[in-house]
Amino acid sequence: MELTVVGKAPAMPDAGGAQSGYVIEADGFKLLLECGGGVVSKLRQLMDVASIDAVLISHPHADHVVDLLPLGFALTRGLGLPDAVRPPLCVPPGAATALEDFARVLGMDSQIAEAFEVHEYDPRLPLRIGPLVVTFAEVPHYVRAWACDIRAADGGRLTFGADCGPNDAIVQLARATPLLMLEATEGPGEHIGQGVRGHLTAREAGELAHAAGAQTLLLTHYSDVHDPGALRGAAGRGFGGRLELAGERQRHRL
323 MELTVVGKAP AMPDAGGAQS GYVIEADGFK LLLECGGGVV SKLRQLMDVA SIDAVLISHP
383 HADHVVDLLP LGFALTRGLG LPDAVRPPLC VPPGAATALE DFARVLGMDS QIAEAFEVHE
443 YDPRLPLRIG PLVVTFAEVP HYVRAWACDI RAADGGRLTF GADCGPNDAI VQLARATPLL
503 MLEATEGPGE HIGQGVRGHL TAREAGELAH AAGAQTLLLT HYSDVHDPGA LRGAAGRGFG
563 GRLELAGERQ RHRL
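Counting with this note's numbering, you get residues 323 to 576 for the letters of the sequence shown.
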C-alpha cells in the first residue's frame, strides 16, 4: 500500500500548489482521496489520469471536490477514452445532489454523472473499494464530514482525518494506525479556544495523534504562509512520535 500526496493546501491554495488530493495504491488499484483545486494538473504530472480506478470524498467543500469537474472532462472528452470507462465516485450522504447542482450552475450540466458512477456511501458501514476497505467516523466541521480509515488486504493501513476540529471520534478510528493524516489549517498555534471548531492547530493535531497511539503523524492541509519549522515544533510538542509535513509528490509506503 502506498500513499502519494498530490496536493495538500487548504481553501487558499499554496503558490503554485494544489488543494487536497491523495492517491492510495494497493495491488495495482489506485484510489484518489479528495479532488480539490489544482489536483488534476498535478496528477497529470505524476501518472496517467485514466489510471485512477475510484475516487473517495470525505465532505463536499470546494477545496476537496472542485477538480471533479476537470477530472470528469478528462475522462469523458479530453483523453479519448471509451464511454464505458466510468470510475466509482464515492461521496457522503447528500453530496450527490449537491455535486450535480454545482456542475449545472457552472454550465457543465451532467458532467459528473456522465464521468463517474456516483455512489453515496453509508458511513455507518464499511465500504469496499477495490482491494481497500474504508470505515468512517463523523468529525466536527462546518458541513458534515467523515474521517476515513483505509485498509488493504496485505495489512497496509492509513487514517485520514478529513477536515475537523478537536474530537474524540478520530482518536477511536485511528487507534494504533501506522499513519495518521491530520490537518493543521489553523497553523502552529497552541489552542484556539471554545466555540464551534472546524479545524485544528498543529499542536492539537499532535495531541490527537498521541491520544490515538499513531505510529506516524503526517501533518497536512496547512498553508504555505505558515513556517514549516513552527508547524513541526507545535505538532511535535503534542505528539512526541515520528512526524512529517505533507508535500506534493511525497510518497509513503505502508
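A virtual CB, placed ideally from N, CA and C, is assigned to each residue, including glycine.
DSSP beta-bridge partners for Ala469?
Reading the sequence shown from its first residue, position 147 is the one you call residue 469. Ala469 is bridged to Ala459.
Could you check what DSSP says for Lys364 in three-state terms: helix, strand or coil?
On the sequence shown, position 42 is the one that residue 364 refers to. Helix, per DSSP.
Best match in Pro453, Leu454, Arg399 for proximity to Ala437 [C-alpha to C-alpha]:
The sequence position of residue 437 within the sequence shown is 115, counting from 1. Nearest C-alpha to Ala437: Arg399.
Distance, Cα to Cα, Phe351 vs Val455?
The residue you call residue 351 lines up with position 29 of the sequence shown. The residue you call residue 455 lines up with position 133 of the sequence shown. Spanning the two alpha carbons is a distance of roughly 12 Å.
Label Ser432 either buried or exposed according to how many other C-beta atoms from any shown protein chain fall within 10 Å of its C-beta, with 16 as the threshold for buried.
Position 110 of the sequence shown, counted from the start, is the residue given in the question as residue 432. So Ser432 counts as exposed.
Bridge partner(s) assigned by DSSP for Tyr344:
Here residue 344 is taken as the residue at index 22 of the sequence shown, counted from 1. Note: Tyr344 sits in a beta bridge opposite Val327, Leu355.
Measuring alpha carbon to alpha carbon, tell me which of Asp485, Ala420, Ala331 ends up nearest Leu567.
Position 245 of the sequence shown, counting from 1, holds the residue named residue 567. When only C-alpha atoms are compared, the closest one is Ala331.
Residue from Ile492, Ala333, Glu439, Ala469 with nearest C-alpha to His383
Residue 383 sits at position 61 when you count from the first residue of the sequence shown. Of the candidates Ile492, Ala333, Glu439, Ala469, the one whose C-alpha sits nearest the C-alpha of His383 is Ala333.
Closest Cα partner of Arg446 within the set Ala467, Cys357, Asp336:
Here the question's residue 446 lines up with position 124 in the sequence shown. If we check each option's Cα against that of Arg446, Ala467 comes out closest.
Residue span of the beta strand (DSSP E) that contains Ile451, given as start and end:
The count along the sequence shown starts at 1 and reaches residue 451 at position 129. Note, Ile451: beta strand (DSSP E), 449 to 451.
Hey, out of Arg426, Val465, Asp476, His521, whose CA is closest to Pro415's CA?
Along the sequence shown, one-based indexing puts residue 415 at 93. Nearest of Arg426, Val465, Asp476, His521 to Pro415, Cα basis: Val465.
For Leu532, report the span of its alpha helix (DSSP H) as first-last.
The sequence position of residue 532 within the sequence shown is 210, counting from 1. According to the sequence displayed, residue 532 carries His and not Leu. Per DSSP, His532 belongs to the alpha helix (DSSP H) from 524 to 534.
Nearest-angstrom beta carbon gap, Pro500 and Thr538 [assumed within contact, 8 Å]:
The residue labelled residue 538 in the question sits at position 216 within the sequence shown. The residue labelled residue 500 in the question sits at position 178 within the sequence shown. The Cβ separation is near 7 Å, so the contact holds.
Where does the unbroken alpha helix (DSSP H) through Ala435 begin, and where does it stop?
Your numbering for residue 435 matches position 113 in the sequence shown. Counting along the chain, the alpha helix (DSSP H) containing Ala435 begins and ends at 433 to 437.
Span of the beta strand (DSSP E), counted from its first residue to its last, around Leu428:
As a first step, residue 428 is located in the sequence shown; it is residue number 106 there, counting from the start. Note, Leu428: premise wrong, no beta strand (DSSP E); not H, not E.
Determine the contact status of Glu512 and Leu522, defining contact as a CB-CB distance below 8 Å.
As a position in the sequence shown, residue 512 is number 190, starting the count at 1. As a position in the sequence shown, residue 522 is number 200, starting the count at 1. Result no, Cβ atoms of Glu512 and Leu522 do not sit closer than 8 Å.
Between Ala506 and Gln341, what straight-line distance do the alpha-carbon atoms span, to the nearest angstrom?
As a first step, residue 506 is located in the sequence shown; it is residue number 184 there, counting from the start. As a first step, residue 341 is located in the sequence shown; it is residue number 19 there, counting from the start. Answer to the nearest angstrom: the Cα atoms are 13 Å apart.
In its own chain, which residues sit with a C-beta less than 8 Å from the C-beta of Ala498, not counting the 5 before and 5 after it?
The residue labelled residue 498 in the question sits at position 176 within the sequence shown. Counting only Cβ-Cβ distances below 8 Å, and skipping sequence neighbours, we find Ala534, Gly535, Ala536, Gln537.
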